[in-house]
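There are 2 protein chains.
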Amino acid sequence: MKLNSTPKKDGFYMPSELAPHKCTYLLWPERPDNWRLGAKPAQKAFRQVVETIAKYEPVVLCVNQSQYLHVLGMNMKNVYVVEMSNNDSWIRDSGATMVVNDKGEMRAVDWGFNAYGGMLDGIYYPWDFDDYVGAKMANIEKVDRYVPDDFILEGGAIHTDGEGTLIVTEETMLSPDRNPEMTKEQIEEKLMEYTGCEKVLWLPYGVYMDEDTEGHVDNVCQFVAPGKVVLAWEDNPDDPQHERSVKDLEYLESVTDAKGRKIEVVKIHVPNVITFTKEEAEGIDQVEGTYPRNEGDRLPASYINYYNCNGAIILPIFNDPHDVDAIQTLSNIFPERKIEPIYAREILLGGGNIHCITQQVPKI
Amino acid sequence: MKLNSTPKKDGFYMPSELAPHKCTYLLWPERPDNWRLGAKPAQKAFRQVVETIAKYEPVVLCVNQSQYLHVLGMNMKNVYVVEMSNNDSWIRDSGATMVVNDKGEMRAVDWGFNAYGGMLDGIYYPWDFDDYVGAKMANIEKVDRYVPDDFILEGGAIHTDGEGTLIVTEETMLSPDRNPEMTKEQIEEKLMEYTGCEKVLWLPYGVYMDEDTEGHVDNVCQFVAPGKVVLAWEDNPDDPQHERSVKDLEYLESVTDAKGRKIEVVKIHVPNVITFTKEEAEGIDQVEGTYPRNEGDRLPASYINYYNCNGAIILPIFNDPHDVDAIQTLSNIFPERKIEPIYAREILLGGGNIHCITQQVPKI
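Right under this line is the structure:
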């Protein structure tokens, strides 16, 4: 049922991704104008993500009817295959943000979705099915939902510590193709009303060339604990990522969170530059209205786009010299969690990574 | 996940419909070659059933994508709207039978479905979506499923007392368009293996002119307690229903259940003869391959096709003089349950009634 109130008014808030989960949702990739070779290489990578998460918690895998029997037939343990019409597979962005209260109740926030820019510069058209992925998630979980009127937000544009602080990027949130009629203050107010947070931190930048999302926070910075984040870093001052990382670091060093804490920053160096090969680009259908992928395009590769599930971290790696550092850094931060590295180039080719294709449902 | 064992081997059994439910599933009617006037009158009746059940337990309402926004927009309390491609709306028959064990676990039995007769005389074609309704129900409920190989069964063809006894009709179960290669003994064995029952009672007949289902038990006889049933009855010896009811009564008086109890039978008289009007028949698209509905066709109206939900009985009525008797008889049997009569002609016109369009998920 659609509720007319807001989470904050009703005492609900968005928990940290690090809090225990009931399950994880994913959408199955299919569209051949974004995923090369009829999405088969991407499906293989998604399946690896699904089966890895399913070792730790139940997975609800949402699939267009056209792929339903294919996926059901994989008969994956602890994986539940549910029909859901979709335009593409970024459930972090199209899905619901679950909120909870102190009585152990859960509800959903079903944000507006316009494929990262609507008619101005959305990356695919139409996005009618994806706009209802959040509603469908809420209904499958049998929870009521809040629907912020006239407000576009992708789940990958926000991270929370679960203790009142939200982190976003100005690049995404102030982009003219999301909520151009709103001021920064109005956006901040809306975010707090629907996540139950009390303070929003505004990083200036996302990752360089993260053009699909216009710089989602979930590719550049993630809470590892209240008062502590990991940040995508580039040492080389000649690389355009360097200045972005420096500016974000300076910002983080200048602010406090909702509880008045300084923010501790742990850097995780990005992998070396990854670009589309000719073969990869040629495997993608060229379709009017879909964001094009060309040979030589630089991809927004980052280790920060990992996913926290119960007892594990599902980490994208790239067969890159920096892989080991990312694994070690996260191992040191999370000695109690298993690091599960997955070679994720095929997901990256679609424009995002493991965090972008997952959405948690908290355990209550 | 599809399991390779059987419920009986694993200690699972089908509980009585009278046991507490977690929720009720329904499918939304849509096809204009079965439901008159683009299914709008039927949708109104289904909605009344949905909202009535939702007063007592959560309802999961499964809807083709084509009707999703229409139904979501109704914003019904305690009703969860889930996308599910379907050919028609008889979830009693196409859905899963849930089984439980004594440890509080639940699994699904995902029977084969061939639209009541497959290529021999199924009532619609194709039935590809409906054959996966059971699998989808299991996956939405996040339970594993048993899949009896090469075995066709509709959920409306079985009733259980939850204490080891199953009741079926010979008309349906021995029909040559379901499992013609199996003997009665083999069918009985399969039924017991997948419901966990120890004894099958074989009524000879269903309701007269119940031609769609070939005489499902759920239109003629239903357990009201272990050792006690209600039976569709017709006093008039000139009506073809009379002899059917008499034969069923004689059978029930001649047998004992799995626990050795005699069966007490309470008669509920059927309504007066109901036939398709010209206007009703003309409102249905005539389509090759779909069972035709013609003016003057007699409908298999019966009060026995009621549904037991938590604390209530959802009873089809027909604006018929016998309505009051049916209500009183059930009130006397179930003083602790609220009788909720719903005028159900529009559901009956589609070939079934309230029990046929509902499927319970037990509470564990």
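Chains A and B supply the protein sequences, listed in that same order.
For any residue, its number in my numbering is found by taking its place in the first sequence, counting from 1, and adding 7.
For any residue, its number in my numbering is found by taking its place in the second sequence, counting from 1, and adding 7.
Even glycine gets a Cβ: it sits at the ideal position worked out from N, Cα and C.
Within-8 Å CB hit, residue i to chain A
{"i": "serine 92(B)", "result": "yes"}
{"i": "alanine 142(B)", "result": "yes"}
{"i": "lysine 379(B)", "result": "No statement about residue 379(B) is possible, as the shown extent of chain B runs from 8 to 371 and does not include it."}
{"i": "valine 154(B)", "result": "no"}
{"i": "leucine 377(B)", "result": "The requested residue 377(B) is not part of the displayed model; chain B covers only 8 to 371."}
{"i": "lysine 149(B)", "result": "yes"}
{"i": "tyrosine 32(B)", "result": "no"}
Residue nearest to residue i in terms of C-alpha spacing, selected from the options
{"i": "leucine 238(B)", "options": "Lys206(B), Glu287(B), Thr336(B)", "result": "Thr336(B)"}
{"i": "valine 231(B)", "options": "Ile174(B), Ser182(B), Trp209(B), Val280(B)", "result": "Ile174(B)"}
{"i": "histidine 28(B)", "options": "Thr13(B), Ala61(B), Asp17(B), Gly80(B)", "result": "Ala61(B)"}
{"i": "glycine 358(A)", "options": "Arg344(A), Glu286(A), Glu221(A)", "result": "Glu221(A)"}
{"i": "glycine 303(B)", "options": "Tyr310(B), Glu289(B), Val294(B), Gly296(B)", "result": "Glu289(B)"}
{"i": "cysteine 69(A)", "options": "Val253(A), Arg43(A), Tyr87(A), Thr282(A)", "result": "Tyr87(A)"}
{"i": "asparagine 312(B)", "options": "His77(B), Gly18(B), Arg300(B), Trp97(B)", "result": "Trp97(B)"}
{"i": "tryptophan 42(B)", "options": "Asn360(B), Leu356(B), Ala26(B)", "result": "Leu356(B)"}
{"i": "serine 73(A)", "options": "Ser92(B), Glu24(B), Thr59(B), Val78(B)", "result": "Ser92(B)"}
{"i": "tyrosine 314(B)", "options": "Lys51(B), Thr59(B), Glu287(B)", "result": "Thr59(B)"}
{"i": "arginine 352(B)", "options": "Leu198(B), Lys191(B), Asp219(B), Phe53(B)", "result": "Phe53(B)"}
{"i": "glycine 318(B)", "options": "Ser338(B), Pro299(B), Asn301(B), Ala333(B)", "result": "Ser338(B)"}
{"i": "lysine 206(A)", "options": "Lys191(A), Glu200(A), Thr172(A)", "result": "Thr172(A)"}
{"i": "leucine 198(A)", "options": "Val280(A), Leu322(A), Phe158(A), Phe341(A)", "result": "Phe158(A)"}
{"i": "proline 328(B)", "options": "Thr284(B), Pro307(B), Val280(B), Ile340(B)", "result": "Val280(B)"}
{"i": "valine 140(B)", "options": "Asp156(B), Met126(B), Asn121(B), Val57(B)", "result": "Asn121(B)"}
{"i": "isoleucine 194(B)", "options": "Asp156(B), Lys285(B), Asn71(B), Glu90(B)", "result": "Asp156(B)"}
{"i": "glycine 372(A)", "options": "Glu260(A), Arg268(A), Val253(A)", "result": "There is no way to answer for residue 372(A), as the model of chain A reaches only from 8 to 371."}
{"i": "tyrosine 108(B)", "options": "Pro323(B), Val56(B), Ser23(B)", "result": "Rather than tyrosine, the amino acid found at residue 108(B) in this sequence is asparagine. Answer by Cα proximity: Ser23(B)."}
{"i": "asparagine 82(B)", "options": "Met83(A), Gly18(A), Pro323(A), Asn11(A)", "result": "Asn11(A)"}
{"i": "glutamate 218(B)", "options": "Thr263(B), Ala308(B), Glu271(B), Leu25(B)", "result": "Ala308(B)"}
{"i": "arginine 99(A)", "options": "Glu257(A), Val224(A), Glu112(A)", "result": "Val224(A)"}
{"i": "tyrosine 201(B)", "options": "Ser182(B), Asn360(B), Val89(B), Leu160(B)", "result": "Leu160(B)"}
{"i": "leucine 76(B)", "options": "Val89(B), Ile371(B), Val67(B)", "result": "Val89(B)"}
{"i": "threonine 179(A)", "options": "Trp134(A), Thr297(A), Val227(A), Ile349(A)", "result": "Val227(A)"}
{"i": "threonine 320(B)", "options": "Val294(B), Ile349(B), Gly45(B)", "result": "Contrary to the premise, residue 320(B) reads as isoleucine rather than threonine in this sequence. Closest option to isoleucine 320(B), Cα to Cα, is Ile349(B)."}
Any chain B beta carbon closer than 8 Å to residue i
{"i": "isoleucine 60(A)", "result": "no"}
{"i": "tyrosine 105(A)", "result": "The sequence as given places methionine at residue 105(A); tyrosine does not occur at that position. Not closer than 8 Å to any Cβ of chain B, the Cβ of methionine 105(A) fails to qualify, so no."}
{"i": "methionine 113(A)", "result": "no"}
{"i": "asparagine 82(A)", "result": "yes"}
{"i": "asparagine 146(A)", "result": "yes"}
{"i": "tyrosine 87(A)", "result": "yes"}
{"i": "tyrosine 20(A)", "result": "no"}
{"i": "tyrosine 350(A)", "result": "no"}
{"i": "tyrosine 139(A)", "result": "yes"}
Any non-hydrogen atom of the ligand ADP closer than 7 Å to residue i Cβ
{"i": "valine 224(A)", "result": "With respect to the ligand ADP, the structure shown offers nothing to examine, as it has no ligands at all."}
Task: Cβ contact (3+ pairs, closer than 8 Å) linking the region 360-368 of chain A and the region 33-49 of chain B - done: no
Open item on the list: To test your reading of the DSSP string, which unbroken beta strand (DSSP E) runs of 3 or more residues are found completely within the region 206-263 of chain A?
Closed with: 206-210, 228-232, 235-240
- [ ] Could you name the residues of the region 173-207 of chain A whose beta carbon sits closer than 9 Å to any beta carbon of chain B, in the order they occur along the chain?
- [x] Residues: none.
Open item on the list: With three or more beta-carbon pairs closer than 8 Å as the criterion, would you say the region 238-255 of chain A touches the region 150-162 of chain A?
Closed with: no
- [ ] Report the residue ranges of all beta strand (DSSP E) runs contained in full by the region 16-53 of chain A; include only those spanning at least 3 residues, in chain order.
- [x] 28-34
Open item on the list: I'd like the ranges of any beta strand (DSSP E) spanning at least 3 consecutive residues and lying wholly in the region 289-361 of chain A.
Closed with: As far as the region 289-361 of chain A is concerned, its whole beta strand (DSSP E) runs of at least 3 residues are 314-316, 319-324, 345-350.
Open item on the list: Would you call the region 138-147 of chain A in contact with the region 84-103 of chain A, where contact means no fewer than 3 C-beta pairs closer than 8 Å?
Closed with: Yes, they touch.
Open item on the list: Three or more C-beta pairs under 8 Å: does that hold for the region 246-263 of chain A against the region 207-215 of chain A?
Closed with: yes
TODO: Pull out every residue of the region 310-326 of chain A whose Cβ sits closer than 7 Å to any Cβ of chain B, in chain order.
DONE: In summary, no residue of the region 310-326 of chain A has a CB separated from any CB of chain B by less than 7 Å.
Open item on the list: Using a Cβ-Cβ cutoff of 7 Å, what residues of the region 117-133 of chain B are near chain A? List them in chain order.
Closed with: none
Open item on the list: Any C-beta of chain A within less than 8 Å: which residues of the region 41-75 of chain B qualify?
Closed with: Pro65, Val67, Gln72, Tyr75
Task: Completely contained beta strand (DSSP E) runs for the region 79-109 of chain A, where each covers 3 or more residues - done: 86-90, 104-107
- [ ] Give the residues from the region 211-243 of chain B that approach chain A closer than 9 Å (Cβ to any Cβ), ordered along the chain.
- [x] none
- [ ] State whether the region 274-281 of chain B contacts the region 167-187 of chain B, with contact taken as three or more CB pairs (one from each stretch) at a distance under 8 Å.
- [x] no
Open item on the list: For the region 112-123 of chain B against the region 157-172 of chain A, do three or more pairs of beta-carbon atoms, one drawn from each stretch, fall closer than 8 Å, so that the two count as touching?
Closed with: no
Open item on the list: When you compare the region 44-63 of chain A with the region 342-361 of chain A, are there three or more beta-carbon pairs, one atom per stretch, that lie closer than 8 Å?
Closed with: Look at the beta carbons and you see the region 44-63 of chain A touching the region 342-361 of chain A: at least three pairs across the two are nearer than 8 Å.
Task: Any beta strand (DSSP E) of 3 or more consecutive residues that is wholly inside the region 181-210 of chain B - done: Counting only runs of 3 or more, we get 206-210.
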